[in-house]
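J.:
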Amino acid sequence: MKIAAMFGEKKGGLIDVPDLKATENFALVKVLVVPMCTEFKMFANGHKGQGFGHEAAGEVMVAGGSGHLKAGDRVVVMPLYGCGTCELCLRGDYIFCRESFNAAKVTGSDAGHYTYGQYLLKPDHLLVRIPDDISIEHGSMACCGLGPTFGAMQRMGVNKFDTVVITGMGPVGLGGVVNAVFRGARVIAVESHPYRAELAKQLGAHEIVDPRDNTAAVKRIDDLTDGKGADKAIDCSGVAAAQRLLIDSVKRRGQVAFVGEAGELAIKVSDDMIRKGLTLVGSWHFNLGDSFQLMEVIRGSHRLLDKLITHTFPMSRVQEAWELQTR
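The sequence shown lines up with residues 49 to 375 when you count with the numbering used here.
#1: Let's test the definition: count the other Cβ atoms within 10 Å of the Cβ of F198 and tell me whether it reaches 16, buried, or not, exposed.
#2: Looking at the strands, I want to know which residues DSSP matches up with A53.
#3: My parser needs the alpha helix (DSSP H) runs of 4 or more residues fully inside the segment 77–161; what are they?
#4: Alpha carbons only, please: which of S349, R146, H102, K69 is nearest the one belonging to R231?
#5: Closest to T358 by C-alpha separation, out of M49, M84, P127, would be which residue?
#6: Mind checking who A278 pairs with in its DSSP beta bridge?
#7: Would you identify the three-state DSSP class for I322, choosing helix, strand or coil?
#8: First and last residue of the beta strand (DSSP E) that includes Y167?
#9: If you count every other CB in all the chains shown that lies within 10 Å of the CB of R139, and 16 or more means buried, which is it?
#10: Taking Cβ positions, are V124 and A75 nearer each other than 9 Å?
#11: Taking DSSP's pairing of strands, which residues face T71 in a bridge?
#12: Compute the distance between the beta-carbons of N335 and Q202, then report whether it is under 9 Å.
#13: Let's see if you can read the secondary structure: which residues bound the alpha helix (DSSP H) around A228?
#14: If you follow the alpha helix (DSSP H) that A190 is in, where does it begin and where does it stop?
#15: List, from N- to C-terminal side, the alpha helix (DSSP H) runs of 4 residues or more that fit wholly inside the segment 246–280.
#16: Should the segment 50–61 be called in touch with the segment 93–111, which here means at least 3 C-beta pairs below 8 Å?
#17: Quick one: what does DSSP say T163 is sitting in, helix, strand or coil?
#18: Assuming the contact rule is C-beta atoms closer than 8 Å, G337 and S285 should be a hit. Round their C-beta distance to whole Å, please.
#19: Roughly how many angstroms separate the alpha carbons of G99 and A152, rounded to a whole number?
#20: Between which two residues does the beta strand (DSSP E) harbouring R347 extend?
#21: Is P259 buried or exposed, if buried means 16 or more other CB atoms sit within 10 Å of its CB?
#22: Consult DSSP for V238 and reduce its assignment to one of helix, strand or coil.
#23: On the three-pair Cβ rule with 8 Å, is the segment 244–261 touching the segment 173–186?
#24: Can you list, in chain order, the residues of its chain with a C-beta nearer than 8 Å to that of V298? Leave out the 5 residues immediately preceding and following it.
#25: In this structure, does DSSP put V307 in helix, strand or coil?
#26: Hey, quick one: how far does the beta strand (DSSP E) through L175 stretch, first residue to last?
#27: Got a sec? Which residues, its chain only, sit under 6 Å from H173 by beta carbon, not counting five neighbours each side?
#28: Between which two residues does the beta strand (DSSP E) harbouring V212 extend?
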């Protein structure tokens, strides 16, 4: 089978690796859609290697041994590997599992870990069925596209009474706009890139704030909320300045969720936490017990998802796809 590889000097393409075989509770999945996440950063830095991607949607070719799935099921592939038996896994929070294992020891193949390929192997408890009335492209958004911000909004209880600020209108932040609009919240999107800012508006953001002047951005959000501050906020940028902006722009007793990775943020324990009474939430993924609700968001947001998915490429054009992401 073929998988994607990087050859250095911003060159990418496909290479051949041995075919995969289902084993134990690992299902063999034919990859149909691969949402593109942060892999392009390695491409931009001239990385060499093979084995990329951590999310996908596809069709089960050979089911795992648990009977949870059958051949022909369309599924979303969850990232990483939880053990499936610890307390965290059993309650749906597998992403925090401390017992995650080296799947290659079971499957005999590193290639089966990665989603930029024709096939993959995954424990069947980490494959979520896509309902028949949802397209495979839209179903694939039940991972990094919508999942992290969905999980954050579940934790914070975002609803139609809330004004929500979201920083960073990359794919994850734009997915956050879709999630918030579905819930009926008023969305203030924070983004300086014109293309991304315009796309956020098309997805339903009520206001766009330019973050390049932090003081001005905080004042703008303050003005848009009648001096109260936003009810809730989500950072999808992973930039400390944006994270600081959210802490400064939510109301007293407000909530802030961090979704974007990275950023070394200084917290003022007295001013931010005690006297302002903030709740800070870390959201890596969503609880698998909420998968059915996330599918309802996808089912009710199909027109917005058609806008969110801006480009598609066959795997043979992976270099072109990575090049587009770096622009």
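Glycine included, every Cβ here is placed at the ideal spot set by N, Cα and C.
T.: A quick look at the data gives this:
#1: The count along the sequence shown starts at 1 and reaches residue 198 at position 150. Result: buried.
#2: On the sequence shown, position 5 is the one that residue 53 refers to. Answer is G61, Q98, bridged to A53.
#3: You should have 88–92, 135–138, 152–155.
#4: In the sequence shown, residue 231 corresponds to position 183, counting from 1. Among S349, R146, H102, K69, the Cα nearest to that of R231 belongs to S349.
#5: On the sequence shown, position 310 is the one that residue 358 refers to. Checked all of M49, M84, P127; the closest Cα to T358 is M84.
#6: Along the sequence shown, read from residue 1 onward, the residue named residue 278 stands at position 230. According to DSSP, A278 bridges with V298.
#7: Counted from its first residue, the sequence shown places residue 322 at position 274. Residue state, collapsed to three classes: helix.
#8: Your numbering for residue 167 matches position 119 in the sequence shown. Per DSSP, Y167 belongs to the beta strand (DSSP E) from 167–171.
#9: On the sequence shown, residue 139 is found 91 positions in, with the first residue counted as 1. Result: exposed.
#10: Numbered from 1 along the sequence shown, position 76 holds the residue referred to as residue 124. Numbered from 1 along the sequence shown, position 27 holds the residue referred to as residue 75. Annotated as distal: V124 and A75, with beta-carbon spacing of 9 Å or more.
#11: Locating residue 71 in the sequence shown gives position 23, counting from the first residue. BP columns for T71 point to F74.
#12: Taking the sequence shown and counting its residues from 1, the one referred to as residue 335 is at position 287. Taking the sequence shown and counting its residues from 1, the one referred to as residue 202 is at position 154. Less than 9 Å separates the beta-carbon of N335 from that of Q202.
#13: By one-based count along the sequence shown, residue 228 stands at place 180. Per DSSP, A228 belongs to the alpha helix (DSSP H) from 219–230.
#14: As a first step, residue 190 must be located in the sequence shown, where it is residue number 142. First-last for A190: undefined, no H or E at that position.
#15: 262–272
#16: yes
#17: On the sequence shown, residue 163 is found 115 positions in, with the first residue counted as 1. T163: coil per DSSP, three-state reduction.
#18: Along the sequence shown, one-based indexing puts residue 337 at 289. Along the sequence shown, one-based indexing puts residue 285 at 237. At roughly 28 Å, the Cβ-Cβ gap does not stay under 8 Å, so G337 and S285 are not in contact.
#19: As a working mapping, residue 99 is identified with position 51 in the sequence shown. As a working mapping, residue 152 is identified with position 104 in the sequence shown. If you take the alpha carbons of G99 and A152, they lie about 13 Å apart.
#20: Taking the first residue of the sequence shown as 1, we reach residue 347 at position 299. Per DSSP, R347 belongs to no beta strand (DSSP E); it is in the alpha helix (DSSP H), 339–348.
#21: If you number the sequence shown from 1, residue 259 lands on position 211. The residue is buried, with at least 16 neighbouring Cβ atoms inside 10 Å.
#22: Counting from one through the sequence shown, the residue named residue 238 turns up at place 190. It is a strand residue.
#23: Note that the segment 244–261 does not touch the segment 173–186; fewer than 3 beta-carbon pairs, one per stretch, sit closer than 8 Å.
#24: Reading the sequence shown from its first residue, position 250 is the one you call residue 298. Within the same chain, V298 has close Cβ partners V213, G277, A278, D279, K280, A281, V304, L326.
#25: In the sequence shown, residue 307 corresponds to position 259, counting from 1. In the three-state reduction of the DSSP assignment, V307 falls in the coil class.
#26: As a working note, residue 175 is residue 127 in the sequence shown. Residues 175–177.
#27: Translated into the one-based positions of the sequence shown, residue 173 becomes position 125. Cβ neighbours of H173 beyond the five flanking positions: G132.
#28: For the purposes of this step, residue 212 is taken as residue 164 along the sequence shown, with counting starting at 1. Its beta strand (DSSP E) spans residues 211–215.
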